[in-house]
Each structure stands twice: as structure tokens, then as C-alpha cells.
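Student: These protein sequence lines map, in sequence, to chains A and B.
Heads up, the first sequence is in my numbering, so the first residue is 3 and it goes up one at a time.
Heads up, the second sequence is in my numbering, so the first residue is 7 and it goes up one at a time.
Can you keep this structure in mind? I'll have questions shortly.
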Amino acid sequence: EAQVTQNPRYLITVTGKKLTVTCSQNMNHEYMSWYRQDPGLGLRQIYYSMNVEVTDKGDVPEGYKVSRKEKRNFPLILESPSPNQTSLYFCASSSRGFTYEQYFGPGTRLTVT
Amino acid sequence: QQPVQSPQAVILREGEDAVINCSSSKALYSVHWYRQKHGEAPVFLMILLKGGEQKGHEKISASFNEKKQQSSLYLTASQLSYSGTYFCGTATSGNTPLVFGKGTRLSVIA
């Protein structure tokens with residue numbers, strides 16, 4: 003089944019404790035993105051990647067890191083999480099470009115206390 | 007810059023029609039529409055590329071006026087299953103990432 007998977011689905015952590023949210027897709031897509039969703043603000047892009055080893059900042063990259071060492075994986079790293087990073091996070095992938103359908107993962111709900 | 011969606015929320019009875027608008031201050035290459043049900047991931051509805059084409063998907067269709075940088079999503083004879091939050095995403099070229107609006111919450115009641 004073609005899908006985007008994220009882990010963990012739910013995470014409660016404390017300020018400053020490094021964490022990684024994994025994202026993997028099995029559709030051989032080149033484009034991958036991370037979004038955060040907050041009430042009333044919609045989906046805001048954090049980082050995106052157009053291919054292996056090619057990443058770029060989105061609209062809200064502060065406090066986040068990403069890497070794209072393999073085509074299928076695009077982990078999101080929070081080196082020192084803060085409470086303002088409490089949010090619902092989505093990973094998405096698309097074939098060839100952003101003018102194609104994006105497939106979203108199930109989401110990761112992160113709470114930083 | 008985020009596109010502006012209107013209305014922010016709408017309540018419909020089954021069978022009624024609705025229009026959701028999305029406008030941008032920038033010249034657009036494409037407009038995407040997604041629907042998100044509560045607690046789930048956004049799901050793709052359709053993409054419109056510049057050229058003013060209109061697309062349809064069952065009873066849901068959309069138009070794109072590239073001169074006005076506006077897109078409208080039309081939902082006809084609404085069903086309970088149409089409930090959710092609708093997002094438009096816009097791109098200024100084929101290689102720039104999407105920027106999503108804040109969403110329109112649609113509730114269909116019996």
C-alpha cells in the first residue's frame with residue numbers, strides 16, 4: 003500500500019530534550035515536506051526537500067533541523083524543544099514537484115512541557 | 007504569504023450548496039485544494055494550473071481565475087461526508103513549495 007508513515011504518532015516531552023520524528027514514504031517520491039498545524043493558523047511549512055541531500059527552509063524553520071540521506075526518509079529533528087513547538091506535525095511527499103498531489107502522513111502530535 | 011480563504015466557517019444543511027474562496031496577492035502558477043477531517047491528515051481534492059481551467063470531482067468542482075489570483079471551490083448538494091476543513095494551497099511556480107491558507111471549516115448537518 004502506498005503510504006507515508008510517521009513515528010511516533012504522539013509524544014510528550016520536556017523542554018530541551020532532543021527528539022526526532024521519523025517520516026518514511028514507499029512511493030519513490032522525490033519531494034518531501036514537513037508542516038506544522040496550529041489552531042487558526044492552517045498548515046505552515048517547516049522544511050522541504052526536492053531530492054536526496056537537497057533541503058531548504060520553509061516559512062517556519064526556526065528550532066528545527068532535517069536531513070535527507072535516503073530518498074524514502076525525511077526525519078525532523080528538534081535539538082532543544084520548547085513549549086512553542088507544541089503542535090501537530092505532518093510529513094508529506096509528492097512525485098516530481100509541488101504541482102503534483104501531496105500525500106500526507108497520519109500526523110504526530112507533540113507536546114513540550 | 008498565506009492565501010486568504012473565505013469564509014472562515016460555514017454550516018450547511020444536507021443538499022445545500024457552498025462556495026469557498028481562496029485569494030492571493032501574488033501571481034499564481036497553481037492552486038491546490040485539500041480536505042481534512044477531524045483528527046486525520048489532509049486529503050487531496052484537486053489541482054488547478056494557471057490557464058483558468060475548471061475541474062470537477064463528483065459534486066465538488068473548482069475554478070481558477072489567474073488574472074485575479076483567485077480560486078473558488080464549489081460544493082453542490084452537500085452530503086454529511088463533506089464536513090471537514092478545506093485548505094487551499096498556492097504556488098508561484100512549479101518548483102516553489104505550497105503555501106496553505108488558514109482553512110475553511112465546513113459543517114453539514116442533517
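Just so it is clear, CB atoms sit at the ideal spot from N, CA and C, and this is done for glycine as well.
Every value quoted in this text rests on a predicted model; they were computed, and no experiment measured them.
Please name the residue in Gln47/A, Ser84/A and Met34/A whose C-alpha comes closest to that of Ser97/A.
Tutor: The option with the nearest alpha carbon to Ser97/A is Met34/A.
Student: Could one say the Cβ of Asn27/B lies closer than 8 Å to chain A's Cβ atoms, at least one of them?
Tutor: No, no contact with chain A.
Student: Taking His38/B as the reference, give the member of Thr57/A, Tyr102/A and Asp58/A with the closest Cα.
Tutor: If we check each option's Cα against that of His38/B, Tyr102/A comes out closest.
Student: Is it right to say Lys108/B is buried, meaning 16 or more other beta carbons lie within 10 angstroms of its own, or is it exposed?
Tutor: Lys108/B is buried by the Cβ-count criterion.
Student: Taking the beta carbon of Asp8/A as the centre, do at least 16 other beta carbons fall within 10 Å, making it buried, or is it exposed?
Tutor: Rather than Asp, the amino acid found at residue 8/A in this sequence is Gln. Burial call: buried.
Student: Check each residue of the segment 73-106 of chain A: if its Cβ is closer than 7 Å to any Cβ of chain B, include it; give the result in chain order.
Tutor: Flagged, chain order: Phe92, Gly99, Phe100, Thr101, Glu103, Gln104 and Phe106.
Student: Can the beta-carbon of Thr113/A be found less than 8 Å from the beta-carbon of Thr88/A?
Tutor: Yes, the pair counts as a contact, with Cβ atoms nearer than the cut-off.
Student: Quick check on Ile115/B - is its C-beta less than 8 Å from some C-beta in chain A?
Tutor: By this cut-off, Ile115/B is not an interface position.
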